[in-house]
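**Q** The structure under discussion is supplied below as C-alpha cells; questions concerning it will follow.
Residue numbers (our numbering), protein chains in the order written: chain A, 1218 to 1560; chain B, 50 to 339.
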C-alpha cells in the first residue's frame, strides 16, 4: 500500500513501463569481462517482450537479476537499474524483494519436472504462494488454488489439487506452475523458456494458455526463449541478446521483416520454415568466444562476415529509428552489404 | 463453506494414510514395528504389571535357573530377572530414544544451517564436526559420560552428543543436494524467506534419510547405553538396565548363564526391531516411489 505512490493509473499520462531494465551490467566473480553488459529494455502493461538469444548469452541471468534471485556470492551488479512500476528494485532490501516476488512479479521456470516440491501436493503449493502474499485462511487459499487450476484448464481440478507432483505429466506441472505464478495477479510475469522441456503439441497449448491468461489479466510478460517460432507466435516486442548485450530490439514486425544486425539476420536464416526455400539452412560460423578472447569492440565481431578493425575495437552504440527499432551495429543498414541475399 | 475445511482435513489424512499403507504392506517392517512396540508397551506398563519388586533380594533364591516361581531365573543376590528385565527395558528404551532425540535436535539444525548457507558458517560447523568424528563413537561417549559423572541422564546426554556429528554430516549432505533443486529456486520466486524455505522445502525433503538414520541410531544408542552401564557409567545400582545386568552376569557366565542370556537376547531383539522399522520407514516415506 504505502509504496504505491507511482502515478501508474493516471489517465492521459504516457504509459509507464511495468519493467524497465536500464544499462544493467553484471560481472561474475573471477571473470575479466561483464557477463551482462549494458542491457536495456522495457515492457509495458499487457505487452509481451521476448528476450532471444543462444544458450549462455545472458537471458536467464538478466531475468534472475530482475527478480533479485541472482546469488551475490556468484556475481555483482556493477551498474544499471531495474525499475518495476517505477520502483528501483536493486535498492530494495531482501524482505521487500520477497514481498514483491510471487506477488506483483512472478516467474515460471524451464523445468516443470523439477520445479515443484515433491513432498507436498500441488494444491498445497499453490495455496502456499497465495497465503504468502494475502491474508486469508487455509480454505480460502485452497479455494483460490482451485480457481486457478480451473483457469489454467487442468482437468478434474478438485482431484488434481491433492496430487503430488510426480503424479502429473510435464504439461500439467507447467500448468500448475503457471497457476502458482498467476495466483496473486502479478503485474509482471517472467517466463524462462517455459516450453523448452515440453513436447511440441503441449508447447503450443501452454503458449496459447499463457497468451489467453495474459489478455485476461493484462499482465506484462517477459518471455525468455531461443525459439524464434515462439517469438513470432506470442511476442509484441523482441530483444535479441548476444554475449551479454542487447544487439537489436524493436517490435516483432520490425525486427523480423527488417533485421538490421548481422546476428539477427543469421538467426532468421537458421530458422527452418514450412513455406521457405529448400536450400540448406544458414549457419552462423564459429562460436561465442570465451571471456578472455572477447573482442573489445562489438562482441559479434569474431563471427561477423562484415566486421572490420573498427568493429573489433569500438563498441557500437544502439541506434534507434523513429519507430523504436534499435540496433547496435556500425554496418547497419545491412541491405547495402548483402544486396538481394537478405531478402 | 463447511465443505472446504473437511476436504482440507481429508488431504492431510490422505497423505498420512499413503505412507501408512505402504508401511503396512511391508511385512518385515511391521514385524520390526511389532518388536519395538512390544518392548515399549512392556516398559510403559512396568509399574502396573503384577511382577516382583526388581530390587527385592532373597538369600534363599540366589542364582536360580528359570522356574515357575522365577520365569527367567534369579541373579547373584536373588532378585527376579524377569522383573528386572521389564524394568530394565525402561532404561534401555529411554536411553535409546532420548539420546537420539538430543542428537537430532542439535545435529539437524546445525546441518541445515551449514548446508544451506555455506561459506564461513559451514566451514566452522564442519571443522567442529570433523573433530568430533575423529573420535570413535563409543570412546567419545565414554569420555563424556565419565566427565559428566555416572548416571543414566548423563549417559543419555553423552550418547546424544556423540551421535550428533553423524546427523550434522548427513543433514548437510542432503541439504547440499536438495538446495540446488529447481523447486527451491521456485520457492524464492514465490517470495518465501530463507527460514520458510528451510522449514517447508529443505527439511521435508531431507527428512526421510534422517528418520532412517535416527531409527538405526536408536539401536546403536541402546547398545551404547548397555556398554556404558556395563562399565558402570550408565544406570546406577540397584536400578536395573540391560547393560548393567550383563555387567554383573559376566562374573557368573559358567554358573548362571541365563543371567547374561536374557539381557543379551533383549538387546538383540530391540536393536533388530528398530533396524527393520527404519528400513521400512525409509521405503514408506519416500513420496517419489510409487
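A virtual CB, placed ideally from N, CA and C, is assigned to each residue, including glycine.
Chain A partners of residue 231 of chain B, CB-CB under 7 Å?
**A** 1326, 1328, 1331 and 1332
**Q** Can residue 111 of chain B be considered in contact with the ligand MN, in the sense that its beta carbon sits closer than 7 Å to one or more heavy atoms?
**A** The ligand MN is not part of this structure, which contains no ligands at all.
**Q** Rounded to a whole number of angstroms, what is the C-alpha to C-alpha distance between residue 238 of chain B and residue 197 of chain B?
**A** 48 Å
**Q** Are the C-beta atoms of residue 1388 of chain A and some chain B residue less than 8 Å apart?
**A** no
**Q** State the Cα-Cα distance for the pair residue 211 of chain B and residue 201 of chain B, rounded to the nearest angstrom.
**A** 15 Å
**Q** Determine the DSSP secondary structure at residue 1547 of chain A, reduced to helix, strand or coil.
**A** coil
**Q** Which residues of the segment 1273 to 1287 of chain A have a Cβ closer than 8 Å to any Cβ of chain B? Give them in chain order.
**A** 1284 and 1286
**Q** Among the candidates B:257, B:88, B:140 and B:92, whose CA atom is the shortest distance from the CA of residue 330 of chain B?
**A** B:257
**Q** Classify residue 125 of chain B as helix, strand or coil using the three-state DSSP reduction.
**A** Of the three classes helix, strand and coil, the one that applies to residue 125 of chain B here is coil, per DSSP.
**Q** Just how far apart, CA to CA, sit residue 1288 of chain A and residue 1321 of chain A?
**A** 21 Å
**Q** With C-beta atoms as the reference, is residue 1362 of chain A less than 8 Å away from residue 1385 of chain A?
**A** no
**Q** Going by CA-CA distance only, name the one from A:1301, A:1315 and A:1395 that's closest to residue 1426 of chain A.
**A** A:1395
**Q** Across which residues does DSSP place residue 1536 of chain A in a beta bridge pair?
**A** BP columns for residue 1536 of chain A point to A:1544.
**Q** Pick out whichever of B:260, B:164 and B:232 has its Cα sitting closest to the Cα of residue 222 of chain B.
**A** In this structure, B:164 is the residue among B:260, B:164 and B:232 with its C-alpha nearest to the C-alpha of residue 222 of chain B.
**Q** Three or more C-beta pairs under 8 Å: does that hold for the segment 1446 to 1458 of chain A against the segment 1251 to 1266 of chain A?
**A** The segment 1446 to 1458 of chain A makes contact with the segment 1251 to 1266 of chain A: 3 or more CB pairs, one atom from each, lie closer than 8 Å.
**Q** So within the segment 1405 to 1463 of chain A, which uninterrupted beta strand (DSSP E) runs reach at least 3 residues, ignoring any that extend past its ends?
**A** 1405 to 1409, 1437 to 1442 and 1454 to 1459
**Q** By Cβ distance below 6 Å, which residues in the same chain neighbour residue 151 of chain B in space, the five residues on each side in sequence not counted?
**A** 209
**Q** Can you grab the Cα-Cα spacing for the pair residue 1524 of chain A / residue 1550 of chain A, in whole Å?
**A** Taking C-alpha positions only, residue 1524 of chain A is separated from residue 1550 of chain A by approximately 14 Å.
**Q** Across which residues does DSSP place residue 1323 of chain A in a beta bridge pair?
**A** A:1406
**Q** Looking only at its own chain, which residues have a Cβ that is under 8 Å from the Cβ of residue 1561 of chain A, when we skip the five neighbours before and after it?
**A** No answer is possible for residue 1561 of chain A: it lies beyond the span of chain A, which begins at 1218 and ends at 1560.
**Q** What's the C-alpha gap between residue 204 of chain B and residue 1272 of chain A?
**A** 58 Å
**Q** From the DSSP output, in three-state form, read off residue 328 of chain B for me.
**A** Correct three-state label for residue 328 of chain B: helix.
**Q** Applying the 10 Å Cβ sphere with the 16-neighbour rule, what's the burial state of residue 1527 of chain A?
**A** Per the 10 Å Cβ criterion, exposed.
**Q** Less than 8 Å between CB atoms is the rule here; does residue 1406 of chain A satisfy it with respect to chain B?
**A** no
**Q** Is it right to say residue 90 of chain B is buried, meaning 16 or more other beta carbons lie within 10 angstroms of its own, or is it exposed?
**A** exposed
**Q** For residue 1246 of chain A, does the count of other Cβ atoms within 10 angstroms reach 16, so buried, or fall short, so exposed?
**A** exposed
**Q** Check residue 1465 of chain A in the structure and name its three-state DSSP category.
**A** strand
**Q** Assuming residue 295 of chain B contacts residue 275 of chain B (C-beta within less than 8 Å), just tell me the rounded distance between them.
**A** 6 Å
**Q** Here's a check: name, in chain order, each residue in its chain whose Cβ is nearer than 8 Å to the Cβ of residue 1355 of chain A, leaving out the five neighbours to either side.
**A** Sequence-distant Cβ neighbours of residue 1355 of chain A in its own chain, meaning closer than 8 Å and more than five residues away, are 1344 and 1348.
**Q** Kindly indicate the opening and closing residues of the beta strand (DSSP E) around residue 1268 of chain A.
**A** First-last of the beta strand (DSSP E) with residue 1268 of chain A: 1265 to 1269.
**Q** Straight-line CA distance for residue 1453 of chain A to residue 1264 of chain A?
**A** 6 Å
**Q** I think residue 254 of chain B touches residue 1336 of chain A, with their Cβ atoms under 8 Å apart; what is that distance to the nearest whole Å?
**A** 6 Å
**Q** Taking C-alpha atoms, which residue in B:230, B:267, B:322 and B:333 lies nearest to residue 216 of chain B?
**A** B:267
**Q** Could you check whether the segment 178 to 198 of chain B touches the segment 312 to 328 of chain B, counting it as contact only if at least three pairs of C-beta atoms, one from each stretch, sit closer than 8 Å?
**A** no
**Q** How is residue 323 of chain B classed by DSSP in three states: helix, strand or coil?
**A** helix
**Q** Can you look up residue 1302 of chain A in the DSSP assignment and give me helix, strand or coil?
**A** coil
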